[in-house]
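Asks: Heads up: the protein sequence lines correspond to chains A and B, in order.
Numbering of the first sequence is given in this note's numbering, commencing with residue 7 and proceeding in unit increments.
Numbering of the second sequence is given in this note's numbering, commencing with residue 7 and proceeding in unit increments.
For each residue, glycine too, the CB sits at the ideal point set by N, CA and C.
None of the values given here were measured: they were computed from a predicted structure.
Sending over a structure as structure tokens; questions will come in a sec.
There are 2 protein chains.
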Amino acid sequence: MARIIALLQADPTVGDLEANATLIATLGDAAATKGANLAVSTELVVSGYPPRDLLLQSEFIDACVKAAENITCSIPLLIGTPLPAKGRNLPGNGVLSNNGEVREVVRKQLLPTYDVFDEARYFAADARPGIARTFGGLNLGVTVCEDAWQHAGHTPIDYDADPIEQIAEWVRQGVELDATVNLSASPFHVEKLSTRVEVARCAAKTLQHPFLLANQVGANDDLLFDGRSLAAWPDGRIVMAPAWQEGALLIDIDDYSRAQWLGKGEISHISPGDDPISADDDLLQAVVSGLSGYCAKAGLKKIVLGLSGGIDSAVAACVASAAVGPENVTGIAMPSKHSSDHSLADAQATAAALGIEFLTISIEDLHENATTLLADLLASGDKVAGENIQARLRGLIVMAHANANHAMAIATGNKSELAQGYCTLYGDMAGGYAPLGDLYKMEVYDLAKQFNQRMNPPPINHSTMTKPPSAELAPDQRDDDKLPPYPILDEILRLHIEYRLEASEIVAKGFDANVVADVLVRLAQNEHKRWQMPPAPRVSRRAFGQGWRQPLAAKHAWRRSI
Amino acid sequence: MARIIALLQADPTVGDLEANATLIATLGDAAATKGANLAVSTELVVSGYPPRDLLLQSEFIDACVKAAENITCSIPLLIGTPLPAKGRNLPGNGVLSNNGEVREVVRKQLLPTYDVFDEARYFAADARPGIARTFGGLNLGVTVCEDAWQHAGHTPIDYDADPIEQIAEWVRQGVELDATVNLSASPFHVEKLSTRVEVARCAAKTLQHPFLLANQVGANDDLLFDGRSLAAWPDGRIVMAPAWQEGALLIDIDDYSRAQWLGKGEISHISPGDDPISADDDLLQAVVSGLSGYCAKAGLKKIVLGLSGGIDSAVAACVASAAVGPENVTGIAMPSKHSSDHSLADAQATAAALGIEFLTISIEDLHENATTLLADLLASGDKVAGENIQARLRGLIVMAHANANHAMAIATGNKSELAQGYCTLYGDMAGGYAPLGDLYKMEVYDLAKQFNQRMNPPPINHSTMTKPPSAELAPDQRDDDKLPPYPILDEILRLHIEYRLEASEIVAKGFDANVVADVLVRLAQNEHKRWQMPPAPRVSRRAFGQGWRQPLAAKHAWRRSI
């Protein structure tokens, strides 16, 4: 008889326990009809990942367990769920087996508490891995996400335990296992795929049996999950589910060529020694998934944004259009006296190509009215005050449209300008979500090229692609009046933020010391803005927000000396 | 010879290593002139607490150690500082002894990772307490903050280790210690003082020698530290430094009556069995310290706020005035057609009594201009859009003033309305800091009464104190049109947020089930606003921000079923 394990690549909604339970049952039943012996869900699928401070409510944890227990499915399930605290300890991040009878199988041992992860805040670490015996006719080692990562050395620090090695030792002692499974909520970032594949290969090689990883897909809050559930064999072969799609991956552990995918997209087969290759449009899909997921889960159908004719808002409009459909997107051009002639035409061209609603609301009168009203105040003070008024009037108009129509405004800023504070709080930073907030400026250009290649007509015209970036808040203003050219700025930021290089190390790579110092000082001084930025889908190794929180009080202190 | 230990109650600035080092040397030298044998600093005093993600930079940690090593003082010092990682581990939260020669004494064992604390994210836990031998002629047990709390049972979960018990066991084995010291950065909240005193008494009793705790004072970011460094003797006597003041507390461990305080304010002596009593104005001092500390440390001299004539903005003006001086505060009244007659007069009365600059800028024309411009949009949509325009125009004006004058705008909202989303993003929520953001509405009234009692003339007039709260964004609007009366709302929120009571438990206390459900649903649905709120000084057991982060994607899911 074939030994077939289904990996349920689910897109749960954080907090929607009933819907998540139904989703698992539905995917499991579909897998059953294709011959699966049993099905494995993703980590914390009942609560959705990340449940954040909902985990502090025991009422919530009890409701998760009850929802997991109430799932009925035609094949046995391994279900990821929060589990109640033992005594005066924290709850567990665990797995229940449900084949009519419900049993606790394992609690996660390794609790990531770095970057976007805060698991030591919510969970107690357990001391041993789990086994599901004669479960759907199979014996399985059972691990949860990070539990498999220590073994491959892919954690920022060493944990004391290595659950993969523990299971391998049991196997050496004679415990018979058909496979080891891993319930994951392994967030996406642009360089993560090959690491995750290496983790799986490393586990399978040590265990000397197949290692199967079911990964969450979709977005919850600022976290993205690419799916790509996979199976690895000891010889290094990999079978991988498609990214950004919900579905079930059926793995015949005896024959990797017989894998099936129930859902959109296609299975990848990766030969031993080969690296997995991300799709060209992975970043584009990630950003679109982030926005569409957030809207769907927060009950938002419509999006509105300011369309300036610049590259950021044009790309944001493309993302919005792909996320919720062009019929649900409104772009508003809000020219002022400082807007260039081409701005309106460029904005209109993008809106027309996408087929989104396009409104033009000139802020010229309102701006004049406001500057007259505030003439005394503006005459003597910093001229940035006057520039910001324009950005904030635009924010006000976009928000009025959003509030009137129950739409969500999106902020169009990118990571490079957010890093430097080159943006206006309550102006262009206004919105419920910042789809490009974790993309460096040059990545925004890359996305623009991709949208233009993939869409007909191309939504972003030549003028928008090629004109020098400008906030257009003052005559002849250009971003590079104040900032280094973006290719340089992006690289300095990337080296410091993603790879944690210090100033001296960045300079050693050939960057001008004064430029590096200016960039890092501005980065430190503008943390107060980032504390108030809307959530942005995390696509880089290290995003602002959960994974980057500098002290505010240090804004003029640390970095002063560089 | 007297055995005198100085506790240096310092107010460090996060990231300002050089200034923090100088501060310790200055306080230590002052203590030396009064006969102290040695001085004990607060936890992480070199970096300031909380250093947050600066701790991820090894360059920063190395600079802290160097700054600690470079301190020269006329008496031996125990200095709290981050310490470099050992191998592939995280850094330590530790203590260096510096008496010319520098040695590592201890690394913190118990790393709080709950509420406002995230120490497991930054530090590796060590396995044993430290001893400083023949240091300034004394032998001392040395612990860091949380290390002392497990022993008294005052941690939310149990740690495996109990450092106080470990030291006590050493004493029982014959190790001779004169006292045990604790370097703390123990944040303020309204009910914490008696707990901290109990922790100290419990440690002294077990150790059978004096237990001395040096606590940070002042604000860094959203955390407040009340100081109140203290010494406890085995019989329960307590000597305590004043709150909210920098200084040095000199403890003669052989004679509690000979304690000296170098600084403003006075020492408290608390008899065995007596509870410490907070000053009446503790909450007022806390909120003022938060704002003044933030301004001082972020290099901000001036504050601007909207003055509506309502209670929140009146109290915020009092806080601002106390924090940076009335000469540095500007209040702007921005009446619209919906403003009541008394609003302007009430606002002016508060400004005049405080002696702050007062501007009146009517938004009536601008509002009319905006509503005309957006007439189509506003005619058909949700009427809240029109109401928000007024709030956002006010936000724009306050921000223009702030930007022009390099002042900081403050948001005037309170915790009750932030909890319910009864506030406007980019409108009244605009600002760099929300001084009342962790105060329930009824606490804002309490503060108003206190300011009126303490100041002459009383700054908040009868009309402001007694009129029904209203956002004045629509004709005859009142907060209680949409919200329960504040005494009820506050209590439901407090029970749920501070004490983690679930809906059913709150109802069991006599609250209406529908009211409770409405309040908790609004709380869940408005998390997206709180993700973008300015930092607020944490005065309650549980504040929004670091200690309260609900998932956004759950806004319509969990709680729907209540």
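Please report the straight-line C-alpha distance between V525 (chain A) and G387 (chain A), rounded to a whole angstrom.
Replies: Counting from 1 along the first sequence, the entry for residue 525 (chain A) is found at position 519. Counting from 1 along the first sequence, the entry for residue 387 (chain A) is found at position 381. Cα-Cα distance, rounded: 25 Å.
Asks: In chain A, which residues lie with their C-beta within 9 Å of the C-beta of Y300 (chain B)?
Replies: One-based indexing of the second sequence puts residue 300 (chain B) at position 294. The answer, in chain order, is L558, A559.
Asks: By DSSP, does I466 (chain A) sit in helix, in strand, or in coil?
Replies: The count along the first sequence starts at 1 and reaches residue 466 (chain A) at position 460. Residue state, collapsed to three classes: coil.
Asks: Determine the DSSP secondary structure at G41 (chain A), reduced to helix, strand or coil.
Replies: Residue mapping note: residue 41 (chain A) aligns to position 35 of the first sequence, counting from 1. DSSP places G41 (chain A) in coil when its eight states are reduced to three.
Asks: Assign S599 (chain B) to buried or exposed, taking buried as 16 or more other Cβ atoms, counted over all protein chains shown, within 10 Å of its Cβ.
Replies: Here chain B comprises residues numbered 7 to 568, so residue 599 (chain B) is not present and cannot be evaluated.
Asks: Determine which residues of the stretch 426-456 of chain A have a Cβ less than 7 Å from any Cβ of chain B, and write them out in chain order.
Replies: Y432, A436, G438
Asks: Is V325 (chain A) helix, strand or coil when you go by DSSP?
Replies: Mapped onto the first sequence, residue 325 (chain A) falls at position 319. In this structure, V325 (chain A) counts as helix in the three-state DSSP scheme.
Asks: Cβ of A265 (chain B) within 7 Å of any heavy atom in the ligand MN?
Replies: Of the ligands one can find in the structure shown there are none, so the ligand MN has no counterpart to examine.
Asks: Please classify P474 (chain B) as buried or exposed, where buried requires at least 16 neighbouring CB atoms within 10 angstroms.
Replies: Counting from one through the second sequence, the residue named residue 474 (chain B) turns up at place 468. P474 (chain B) should be labelled exposed.
Asks: Could you name the residues of chain B that M405 (chain A) contacts, counting a contact when the two beta carbons are closer than 7 Å?
Replies: Sequence index remark: in the first sequence, residue 405 (chain A) carries index 399 (1-based). Under the 7 Å cutoff, chain B gives N394, R398, Y432.
Asks: Since D68 (chain A) and P90 (chain A) are thought to touch, with beta carbons under 8 Å apart, how far apart are those beta carbons, to the nearest angstrom?
Replies: The sequence position of residue 68 (chain A) within the first sequence is 62, counting from 1. The sequence position of residue 90 (chain A) within the first sequence is 84, counting from 1. 7 Å between Cβ atoms; contact.
Asks: Listed in chain order, which residues of the stretch 120-131 of chain B have Cβ atoms closer than 8 Å to some Cβ of chain A?
Replies: Y120, D124, A126, R127, A130
Asks: For N420 (chain B), go through chain A and note every residue whose CB falls closer than 8 Å to its CB, in chain order.
Replies: Taking the second sequence and counting its residues from 1, the one referred to as residue 420 (chain B) is at position 414. Residues of chain A passing the Cβ test: none, with the nearest at roughly 18 Å.
Asks: I believe V177 (chain B) touches L218 (chain B) by the beta-carbon criterion, under 8 Å. Please report the beta-carbon distance rounded to the nearest angstrom.
Replies: On the second sequence, position 171 is the one that residue 177 (chain B) refers to. On the second sequence, position 212 is the one that residue 218 (chain B) refers to. Rounded to whole angstroms, the Cβ separation of V177 (chain B) and L218 (chain B) is 16 Å, and the two are not in contact under 8 Å.
Asks: Locate the beta strand (DSSP E) running through D232 (chain B), then write down its first and last residues.
Replies: In the second sequence, counting from the first residue as 1, residue 232 (chain B) sits at position 226. Counting along the chain, D232 (chain B) sits inside the beta strand (DSSP E) bounded by residues 229-232.
Asks: Since A206 (chain A) contacts A238 (chain A) with CB under 8 Å, what's their CB separation in whole angstroms?
Replies: Your numbering for residue 206 (chain A) matches position 200 in the first sequence. Your numbering for residue 238 (chain A) matches position 232 in the first sequence. About 4 Å; that satisfies the 8 Å criterion.
Asks: Identify, in the order they occur along the chain, each residue of the same chain with its Cβ nearer than 8 Å to the Cβ of S567 (chain B), setting aside the five sequence neighbours on each side.
Replies: Taking the first residue of the second sequence as position 1, residue 567 (chain B) is located at position 561. Confidence at S567 (chain B) is low in this model, with a pLDDT of 49, below 50, so the placement of that residue is unreliable and no value is reported for it.
Asks: Please specify which runs of the beta strand (DSSP E), each continuous and at least 3 residues long, are wholly inside the stretch 409-479 of chain B, giving them in chain order.
Replies: 413-415
Asks: Using the C-alpha atoms, what's the distance from A326 (chain B) back to F550 (chain B)?
Replies: Sequence index remark: in the second sequence, residue 550 (chain B) carries index 544 (1-based). Sequence index remark: in the second sequence, residue 326 (chain B) carries index 320 (1-based). Each residue's alpha carbon lies about 21 Å from the other.
Asks: Are I259 (chain A) and I338 (chain A) touching if we call contact CB-CB under 8 Å?
Replies: Position 253 of the first sequence, counted from the first residue, corresponds to residue 259 (chain A). Position 332 of the first sequence, counted from the first residue, corresponds to residue 338 (chain A). Not a contact, by the Cβ cut-off of 8 Å.
Asks: Using a beta-carbon distance below 8 Å, is N411 (chain B) in contact with chain A?
Replies: Walking along the second sequence from the start, residue 411 (chain B) turns up at place 405. So, interface residue.
Asks: Residues of chain B with CB closer than 7 Å to the CB of L383 (chain A), please, in chain order.
Replies: Residue mapping note: residue 383 (chain A) aligns to position 377 of the first sequence, counting from 1. Simply A406, H407, A410.
Asks: Identify the residues that DSSP records as bridge partners of W176 (chain B): which are they?
Replies: As a working note, residue 176 (chain B) is residue 170 in the second sequence. According to DSSP, which records beta bridges pairwise, W176 (chain B) is partnered with nothing at all.
Asks: Report the three-state DSSP secondary structure of A238 (chain A) (helix, strand or coil).
Replies: Numbered from 1 along the first sequence, position 232 holds the residue referred to as residue 238 (chain A). Correct three-state label for A238 (chain A): strand.
Asks: Kindly indicate which three-state DSSP category D258 (chain A) falls into: helix, strand or coil?
Replies: By 1-based counting over the first sequence, the position of residue 258 (chain A) is 252. D258 (chain A) carries a strand assignment under DSSP once its states are collapsed to helix, strand and coil.
Asks: Does the beta carbon of Q63 (chain B) sit closer than 8 Å to a beta carbon anywhere in chain A?
Replies: Stepping through the second sequence from its first residue, residue 63 (chain B) is reached at position 57. Closer than 8 Å: yes.
Asks: Going by other Cβ atoms of all chains shown within 10 Å of its Cβ, with 16 needed for buried, is G312 (chain B) buried or exposed?
Replies: Taking the second sequence and counting its residues from 1, one reaches residue 312 (chain B) at position 306. G312 (chain B) is buried by the Cβ-count criterion.
Asks: Starting from V525 (chain B) and walking both ways along the alpha helix (DSSP H), at which residues does that stretch end?
Replies: Stepping through the second sequence from its first residue, residue 525 (chain B) is reached at position 519. Note, V525 (chain B): alpha helix (DSSP H), 519-531.
Asks: Indicate whether at least one CB of chain A lies closer than 8 Å to the CB of N226 (chain B).
Replies: Here residue 226 (chain B) is taken as the residue at index 220 of the second sequence, counted from 1. True, the Cβ-Cβ gap to chain A drops below 8 Å.
Asks: Note down, in chain order, every chain B residue with its Cβ under 9 Å from the Cβ of G387 (chain A).
Replies: Indexing the first sequence from 1 puts residue 387 (chain A) at position 381. Result: A406, H407, N409, A410, N411, H412.
Asks: Would you please state the rounded distance, in angstroms, between the beta carbons of A209 (chain B) and I170 (chain B)? I believe it to be under 8 Å.
Replies: If you number the second sequence from 1, residue 209 (chain B) lands on position 203. If you number the second sequence from 1, residue 170 (chain B) lands on position 164. A209 (chain B) to I170 (chain B), Cβ: 5 Å. Contact.
Asks: Is the CB of W155 (chain B) under 8 Å away from at least one CB in chain A?
Replies: The residue you call residue 155 (chain B) lines up with position 149 of the second sequence. No, because no Cβ of chain A sits closer than 8 Å to the Cβ of W155 (chain B).
Asks: Does the Cβ of T78 (chain B) have 16 or more other Cβ atoms within 10 Å, making it buried, or fewer, making it exposed?
Replies: As a position in the second sequence, residue 78 (chain B) is number 72, starting the count at 1. Its Cβ having fewer than 16 others within 10 Å, T78 (chain B) is exposed.
Asks: Which residues in the same chain as T201 (chain A) place their Cβ atom closer than 6 Å to its Cβ, once the five residues preceding and following it in sequence are excluded?
Replies: Residue numbering aside, residue 201 (chain A) sits at position 195 when the first sequence is read from its first letter. Correct list, in chain order: H160.
Asks: Quick check on M246 (chain B): does DSSP put it in helix, strand or coil?
Replies: As a position in the second sequence, residue 246 (chain B) is number 240, starting the count at 1. In this structure, M246 (chain B) counts as strand in the three-state DSSP scheme.
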